[in-house]
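Residue numbers (our numbering): 691 to 930.
C-beta: ideal position from N, C-alpha, C; glycine also.
Remember, predicted model here, so these are calculated numbers, not experimental data.
What follows is a single structure, written as structure tokens, with notes after it.
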Ligand SMILES: Cc1cc2nc3c(=O)[nH]c(=O)nc-3n(C[C@H](O)[C@H](O)[C@H](O)COP(=O)(O)O)c2cc1C
């Protein structure tokens, strides 16, 4: 079985899709999909390319994250399966969460939140390119995640973590409970050692092995994106 979406919400491997039940973020709206593979293929033919948003989490001057994100962006574009958006949290420049109402109300006061909401809403899938800071991921990413709620739900995410000795693996582990809280669905990961593959002058020292691992993460995302886009359509049809 080649594809298995490692999701908090999918209750069975995709190869067993005939007996799959999709658990959506709101259990009241759960959908039973008995013809999932056929639906996925049909949607790929009839729908526009899904939007993949690559989010550069580090905001530091001289950050390694930009070089890694540029590399991943090029691979995603070359694959041709997505309309790829490149979102740099340093450019987005969100203040520390300052909305008076909780994100779950979807009632936003500030233009920066409305703009961020539109960007996340139009994405079908995400890649977080994130550093390991003190055995976790960085605060700017947590802040950006906390701003919104509904816009993240029932969408897949790939995690590209990087760092020193632990290769960003602790950042990847630390973010997983947060994904669950937001209804984001883990689609796979890639951890990178900056000691082995440094970023010099914004250029990442990639190699064939890293390219292959990135490509396999993109494959996982490609499949998971189609599945979750279908699930959201079915959910919305079910609700309306
Ligand atoms: C505040 C801070 C904390 C860090 N903590 C860790 C850590 O816990 N583990 C690790 O492997 N590297 C750690 N590092 C090293 C970073 O992974 C490395 O500097 C990397 O380049 C940071 O990503 P950035 O340059 O894109 O911001 C830390 C770096 C900073 C700035």
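Going by the CB atoms, is the gap between residue j and residue i shorter than 8 Å?
i           : j           : result
residue 785 : residue 797 : no
residue 811 : residue 841 : yes
residue 766 : residue 742 : yes
residue 879 : residue 849 : yes
residue 793 : residue 837 : yes
residue 861 : residue 853 : yes
residue 857 : residue 883 : yes
residue 774 : residue 745 : no
residue 747 : residue 830 : yes
residue 871 : residue 911 : no
residue 893 : residue 757 : yes
residue 904 : residue 881 : no
residue 833 : residue 782 : no
Which residue's Cα is closest to the Cα of residue i: the options?
i           : options               : result
residue 761 : 928, 901, 846 and 843 : 901
residue 921 : 875, 896 and 905      : 875
residue 909 : 847, 883, 896 and 923 : 847
residue 958 : 815, 747, 877 and 850 : Since the displayed the chain opens at 691 and closes at 930, residue 958 lies outside it and no answer follows.
residue 845 : 827, 869 and 890      : 869
residue 807 : 820, 828, 824 and 843 : 843
residue 777 : 788, 819, 898 and 894 : 819
residue 751 : 929, 791, 871 and 891 : 891
residue 737 : 800, 919, 925 and 926 : 919
residue 753 : 897, 828 and 768      : 828
residue 740 : 770, 896 and 795      : 770
residue 764 : 873, 916 and 896      : 896
residue 809 : 835, 899 and 865      : 835
residue 839 : 813, 799 and 873      : 873
Shorter than 7 Å, the distance from the beta carbon of residue i to the closest heavy atom of ligand 1, or not?
i           : result
residue 824 : yes
residue 748 : yes
residue 753 : yes
residue 854 : yes
residue 872 : no
residue 821 : yes
residue 784 : no
residue 884 : yes
Open item on the list: Give the list of continuous beta strand (DSSP E) stretches no shorter than 3 residues that lie fully inside the segment 857-922.
Closed with: 874-883
TODO: Starting from the N-terminal side, write out each stretch of the beta strand (DSSP E) that is 3 residues or longer and does not extend beyond the segment 773-860.
DONE: 773-778, 815-821 and 845-853
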